[in-house]
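The sequence shown begins at 1 in the UniProt record's numbering and counts up by one.
Glycine included, every Cβ here is placed at the ideal spot set by N, Cα and C.
Have a look at the structure below, then the notes.
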Amino acid sequence: MFVQALVCCEGFHIPLPPSDPRHDENHTLQESIYWTCFKSELELRLELGVGNTTCLDLTYPALFPSPPKDLETQGETVWYFYLAEIALRRLGNRVLNYVYNCKPFGKSVDVATIREFEGQAHGLLNSLPALLKPDTPSAEAQDKDHEHSALRFILSGHAIDCFEMIYWPFIFDAIHEGLPHDPELVAFVRKGLHMYGSRIESNEAGFYYRHHARRGLVTLLPPNWRDGVGRVMQMLKYWSSEAKDIASQLEILEDLMRDVPED
Numbered sequence: 001m002f003v004q005a006l007v008c009c010e011g012f013h014i015p016l017p018p019s020d021p022r023h024d025e026n027h028t029l030q031e032s033i034y035w036t037c038f039k040s041e042l043e044l045r046l047e048l049g050v051g052n053t054t055c056l057d058l059t060y061p062a063l064f065p066s067p068p069k070d071l072e073t074q075g076e077t078v079w080y081f082y083l084a085e086i087a088l089r090r091l092g093n094r095v096l097n098y099v100y101n102c103k104p105f106g107k108s109v110d111v112a113t114i115r116e117f118e119g120q121a122h123g124l125l126n127s128l129p130a131l132l133k134p135d136t137p138s139a140e141a142q143d144k145d146h147e148h149s150a151l152r153f154i155l156s157g158h159a160i161d162c163f164e165m166i167y168w169p170f171i172f173d174a175i176h177e178g179l180p181h182d183p184e185l186v187a188f189v190r191k192g193l194h195m196y197g198s199r200i201e202s203n204e205a206g207f208y209y210r211h212h213a214r215r216g217l218v219t220l221l222p223p224n225w226r227d228g229v230g231r232v233m234q235m236l237k238y239w240s241s242e243a244k245d246i247a248s249q250l251e252i253l254e255d256l257m258r259d260v261p262e263d
């Protein structure tokens, strides 16, 4: 998907000289498309478990997309959200890579590194404007119409993701070997459990609602979509002995097709 989007961008892109007044606007749009596709691909690969057997290919670049020069007229709050989401995702992937490479799991984590991750997450959240801070009440944020409540909810979810990954090694050890004697490690366990409680509390409002993007999507599919998916599954089955990731992708499709109701 990411490569295809880049090819499309190159195909439609008409270079403009820096002196052209449209140059900056075009550059901002190109960066936005790049980051949106790149971020989406990383998120999908992580959720679906496709790609290499390590997390090392899920790393964000060190750069950020450039906001437009006329930021105030282009939705300043939305751009803050966009940049904050990228920063939280980047931090989450750094934490995941670090924790994943700690062998044996849990025991080899460095407390100083964990505290550094903690500080970065808190610093990022504290730097957000009031309209986007997850713990800012709507009234205090002067968000009378709740237009930014969805953005706050999304950032809150990303923040909880980060903290859950940061504290998970200590939770893992506590579950398998009991609470440690070190008060500092016990504090990490307590923080991790608090995050799980926060996750439940923040998501409770949507427990009994179907996701708006899933309901009725099957009605948008072409009539012969099952045949097409079946042919792809046959192709994956044919090549599944050649590579492990092909077999895993076939399993994903098989599981999904079992859950799809018959027409």
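Review point. Secondary structure at V109, three-state DSSP: helix, strand or coil?
Key: Under the three-state reduction of DSSP, V109 is assigned to coil, being neither helix nor strand.
Check your understanding: For the region 175-189 against the region 230-238, are there 3 or more C-beta pairs whose distance is under 8 Å?
Key -> Taking 8 Å as the limit for Cβ pairs, the verdict is that the region 230-238 does not touch the region 175-189.
Review point. Exposed or buried, which one is D135 when buried takes at least 16 other CB atoms within 10 Å?
Key: Its Cβ having fewer than 16 others within 10 Å, D135 is exposed.
Check your understanding: If we count the other Cβ atoms within 10 Å of its Cβ and call it buried at 16 or more, is P183 buried or exposed?
Key -> Classification for P183: exposed.
Review point. Mind checking whether L132 and H148 have CB atoms under 8 Å apart?
Key: Yes.
Review point. Shortest alpha-carbon distance to residue 288 belongs to which of L124, E251, R45?
Key: The structure shown does not extend to residue 288, since the chain spans only 1 to 263, so no value can be given for it.
Practice item. Would you check if there are 3 or more beta carbon pairs closer than 8 Å linking the region 244-260 to the region 223-234? Key: Remark: three or more beta-carbon pairs, one from each stretch, lie closer than 8 Å, so the region 244-260 and the region 223-234 are flagged as touching.
Check your understanding: Where do the N-terminal and C-terminal ends of the alpha helix (DSSP H) with Y80 fall, by residue?
Key -> It spans 76-100 - the alpha helix (DSSP H) in which Y80 sits, taken as one unbroken run.
Check your understanding: If C102 and P169 are in contact, beta carbons under 8 Å, what's the gap, nearest whole angstrom?
Key -> Contact annotation, C102 with P169: C-beta distance approximately 7 Å; criterion of less than 8 Å satisfied.
Practice item. Tell me where the alpha helix (DSSP H) around G192 begins and ends. Key: Secondary structure note for G192: its alpha helix (DSSP H) is the uninterrupted segment 183-203.
Practice item. Check whether the region 39-49 touches the region 110-122, counting contact only when three or more Cβ pairs, one atom from each stretch, lie closer than 8 Å. Key: When C-beta atoms of the region 39-49 are compared with those of the region 110-122, fewer than three pairs fall below 8 Å, so the two segments do not count as touching.
Check your understanding: Based on Cα-Cα distance, which residue from W225, L151, E242, S241 lies nearest to E262?
Key -> Among W225, L151, E242, S241, the Cα nearest to that of E262 is on W225.
Exercise for review: Please list, in chain order, all residues of the same chain as R89 whose beta carbon is under 8 Å from its beta carbon, the five residues on each side excluded.
Suggested key: For R89, where only same-chain residues beyond five positions count, the Cβ hits under 8 Å are K39, L42, E43, Y60, H158.
Practice item. Could you check which residue in S108, C37, E116, S127 has the C-alpha nearest to that of F81? Key: Closest option to F81, Cα to Cα, is S127.
Review point. If we call anything under 8 Å between Cβ atoms a contact, is V229 one with M195?
Key: It is not a contact, given that the beta carbons lie outside the stated cut-off.
Check your understanding: Where G92 and W79 are concerned, what is the direct C-alpha to C-alpha distance, given to the nearest angstrom?
Key -> Taken atom to atom, the span from the alpha-carbon of G92 to that of W79 is near 20 Å.
Review point. Considering only C-alpha positions, which residue in the set D227, V109, C37, D255 is nearest to M165?
Key: Taking only the C-alpha atoms, the option nearest M165 is V109.
Exercise for review: For L56, count neighbouring C-beta atoms within 10 Å of its own C-beta (all shown protein chains included) and say buried if the count is 16 or more, exposed if not.
Suggested key: For L56, the pLDDT reaches just 44, beneath the cut-off of 50, and the residue's location in the model is therefore unreliable, leaving the point undetermined.
Exercise for review: Check A247 in the structure and name its three-state DSSP category.
Suggested key: Per DSSP, reduced to three states, the secondary structure at A247 is helical.
Check your understanding: So, are the CB atoms of S156 and S202 less than 8 Å apart?
Key -> The answer is yes: Cβ separation under 8 Å.
Point to revise | Residue closest to V111, alpha-carbon to alpha-carbon, out of Y167, L96, C162, A87 | key: Ranking the options by Cα distance to V111, first place goes to Y167.
Review point. Can you tell me the Cα-Cα spacing of A174 and V99, whole angstroms?
Key: Going by the C-alpha atoms only, they are around 16 Å apart.
Point to revise | Alpha carbon of C37 to alpha carbon of F153, nearest angstrom | key: Approximately 22 Å, taken between the alpha carbons.
Check your understanding: Just how far apart, CA to CA, sit I200 and P129?
Key -> Straight across, the Cα-Cα distance linking I200 with P129 is about 25 Å.
Point to revise | Beta-carbon proximity of residue 264 to G197, cut-off 8 Å | key: In this structure the chain extends from 1 to 263, so residue 264 is not present and cannot be described.
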